[in-house]
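Undergrad:
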Amino acid sequence: MHEIVVEEAGGARSSGSDDADRWMGVMERSFARMDAEAVSSRSRASGAPTCRCELQLPKCDHVGSTAVVAVVGPRHLVVANCGDSRAVIGRGGAAIPLSSDHKPDRPDELERIQAAGGRVIFWDGARVFGVLAMSRAIGDSYLKPFVIPDPEVRVLERKDGDDEFLILASDGLWDVVSNEVACHVVRSCVRRGGRSMRRGGHPADQAGDSAAELGQRQRRRRQPQEAPPEIL
1 MHEIVVEEAG
11 GARSSGSDDA
21 DRWMGVMERS
31 FARMDAEAVS
41 SRSRASGAPT
51 CRCELQLPKC
61 DHVGSTAVVA
71 VVGPRHLVVA
81 NCGDSRAVIG
91 RGGAAIPLSS
101 DHKPDRPDEL
111 ERIQAAGGRV
121 IFWDGARVFG
131 VLAMSRAIGD
141 SYLKPFVIPD
151 PEVRVLERKD
161 GDDEFLILAS
171 DGLWDVVSNE
181 VACHVVRSCV
191 RRGGRSMRRG
201 GHPADQAGDS
211 AAELGQRQRR
221 RRQPQEAPPE
231 IL
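So for the sequence shown, the UniProt record's numbering puts the first residue at 1; every next one is plus one.
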């Protein structure tokens, strides 16, 4: 995904590097390309379809993923999400979500699914046709056109002096840790890291320590295959 975003951003023309319309287009095209890669297939010598991803599964109809992407510029921050991965910024001591989870029972998503002829069934939570617990995803072609890969994109100004860090994580974290607790953990690691930096540490160590601690909390409650959080 990051390689596709770089390609699309490099090919987009704009009067300014932080132009909101430009970034909307970049992200929409990037997610569409990633979805096309996820659902496309090639033929083996036998003619049987095979998955293009690293798993090399016989079929990839039931393979899908959420995605959250952030681009940090000198004056603006761009966040795009599809599914229930989430971006949360620590700003001025507060925890501020920068994306909205795509859940089947979110009123606007429920209306969209029903308008397309789909159904949301409550089976261990709201699920599209009782199967998928998110309303947007990359891949999952067996649920199209009800589950779509379209991202929601936000472009916002950075606030120097107030912006502390950015957390990108899947529902593996957010299902077990609130936005506020996650930001508290990162701030604690940053404070400890500040002391270590005076002894020759590096800022990257703070992000790594924060991600590791949040990852431990995630693994206590979820399967270890969940993607670890990213801290910027």
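Don't be surprised by glycine CBs; every beta carbon is placed ideally from N, CA and C.
Tell me whether the beta-carbon of residue 26 lies closer than 8 angstroms to the beta-carbon of residue 9.
TA: On the sequence shown, residue 26 is found 26 positions in, with the first residue counted as 1. On the sequence shown, residue 9 is found 9 positions in, with the first residue counted as 1. Yes, they are a contact pair.
Undergrad: Skipping 5 residues on each side, what residues in its chain have a beta carbon closer than 8 angstroms to that of residue 5?
TA: The residue you call residue 5 lines up with position 5 of the sequence shown. The residues are 26, 27, 30, 69 and 71.
Undergrad: Are the beta-carbon atoms of residue 121 and residue 135 separated by less than 8 angstroms?
TA: To locate residue 121, count along the sequence shown from 1; it is residue 121. To locate residue 135, count along the sequence shown from 1; it is residue 135. Cβ distance not < 8 angstroms, so residue 121 and residue 135 don't count as in contact.
Undergrad: Taking one C-beta from the segment 126-142 and one from the segment 176-183 each time, how about it: are there three or more such pairs within less than 8 angstroms?
TA: The segment 126-142, when compared against the segment 176-183, does not touch it at the 8 angstroms Cβ threshold.
Undergrad: In terms of DSSP beta bridges, what is residue 90 paired with?
TA: Here residue 90 is taken as the residue at index 90 of the sequence shown, counted from 1. DSSP output for residue 90 lists 95 and 165 as bridge partner(s).
Undergrad: Which full runs of the beta strand (DSSP E) of 3+ residues lie inside the segment 71-146, going along the chain?
TA: Counting only runs of 3 or more, we get 76-82, 86-91, 94-97, 120-122 and 126-128.
Undergrad: Starting from the Cα of residue 33, find the closest Cα among 96, 91 and 150 and give me that residue.
TA: Taking the first residue of the sequence shown as 1, we reach residue 33 at position 33. Nearest C-alpha to residue 33: 150.
Undergrad: Below 8 angstroms on the Cβ atoms is my contact criterion, and I expect residue 232 with residue 207 to pass it. Report the Cβ-Cβ distance as a whole number of Å.
TA: To locate residue 232, count along the sequence shown from 1; it is residue 232. To locate residue 207, count along the sequence shown from 1; it is residue 207. Contact holds; Cβ gap of about 7 angstroms.
Undergrad: Looking only at its chain, what residues have a beta carbon closer than 8 angstroms to the beta carbon of residue 233, apart from the 5 residues adjacent to it on each side?
TA: Lying outside 1 to 232, the shown extent of the chain, residue 233 is not represented and no answer is given.
Undergrad: How far does the beta strand (DSSP E) with residue 153 in it reach, from first residue to last?
TA: Translated into positions along the sequence shown, residue 153 becomes position 153. That run of the beta strand (DSSP E) goes 152-157.
Undergrad: Which residues mark the beginning and the end of the alpha helix (DSSP H) in which residue 227 is found?
TA: On the sequence shown, residue 227 is found 227 positions in, with the first residue counted as 1. Careful: residue 227 lies outside any alpha helix (DSSP H) and carries neither H nor E.
Undergrad: Following the continuous alpha helix (DSSP H) through residue 173, name the residue where it begins and the one where it ends.
TA: The residue given as residue 173 occupies position 173 in the sequence shown. Note, residue 173: alpha helix (DSSP H), 171-174.
Undergrad: Mapping the DSSP letters down to three states, classify residue 210 as helix, strand or coil.
TA: Within the sequence shown, residue 210 is the residue found at index 210, counting from 1. Looking at residue 210 - three-state DSSP - the assignment turns out to be helix.
Undergrad: Residues bridged to residue 36 by DSSP?
TA: Taking the first residue of the sequence shown as position 1, residue 36 is located at position 36. In the DSSP output, where bridge partners are listed per residue, residue 36 has none listed.
Undergrad: Out of 82, 3, 185 and 22, which one is the CA nearest neighbour of residue 148?
TA: For the purposes of this step, residue 148 is taken as the residue at position 148 of the sequence shown. Of the candidates 82, 3, 185 and 22, the one whose C-alpha sits nearest the C-alpha of residue 148 is 82.
Undergrad: Looking only at its own chain, which residues have a Cβ that is under 6 angstroms from the Cβ of residue 96, when we skip the five neighbours before and after it?
TA: Numbered from 1 along the sequence shown, position 96 holds the residue referred to as residue 96. These residues qualify, in order along the chain: 89.
Undergrad: Express the C-alpha separation of residue 160 and residue 252 in angstroms, rounding to a whole number.
TA: Nothing in the structure corresponds to residue 252, since the chain is present only between 1 and 232.
Undergrad: Can you have a look at residue 2 and say buried or exposed, based on whether 16 or more other CB atoms are within 10 angstroms of its CB?
TA: Residue numbering aside, residue 2 sits at position 2 when the sequence shown is read from its first letter. With fewer than 16 Cβ atoms within 10 Å of its Cβ, residue 2 is classed as exposed.
Undergrad: Excluding the 5 residues flanking residue 46 on each side, which residues of the same chain have their C-beta closer than 7 angstroms to its C-beta?
TA: Position 46 of the sequence shown, counted from the first residue, corresponds to residue 46. Because the pLDDT of residue 46 is 42, which lies under 50, any placement of that residue in the model is unreliable, and the question is left without a value.
Undergrad: Less than 8 angstroms between the beta carbons of residue 309 and residue 227, yes or no?
TA: The chain is shown only over 1 to 232; residue 309 falls outside these bounds and no answer can be derived.
Undergrad: For the candidate residues 109, 158, 155 and 24, whose alpha-carbon lies nearest to that of residue 137?
TA: Position 137 of the sequence shown, counted from the start, is the residue given in the question as residue 137. The shortest C-alpha separation from residue 137 is found at 109.
Undergrad: To the nearest angstrom, how far is it from the Cα of residue 63 to the Cα of residue 214?
TA: Working through the sequence shown from its first residue, we reach residue 63 at position 63. Working through the sequence shown from its first residue, we reach residue 214 at position 214. Rounded to the nearest angstrom, the two C-alpha atoms are 26 angstroms apart.
Undergrad: Measure from the alpha carbon of residue 116 to the alpha carbon of each residue in 24, 129, 172 and 91, then state which is nearest.
TA: In the sequence shown, counting from the first residue as 1, residue 116 sits at position 116. With distances taken between Cα atoms, residue 116 lies closest to 129.
Undergrad: Alpha carbon to alpha carbon, how far is residue 189 from residue 145?
TA: Here the question's residue 189 lines up with position 189 in the sequence shown. Here the question's residue 145 lines up with position 145 in the sequence shown. So the two alpha carbons sit approximately 43 angstroms from each other.
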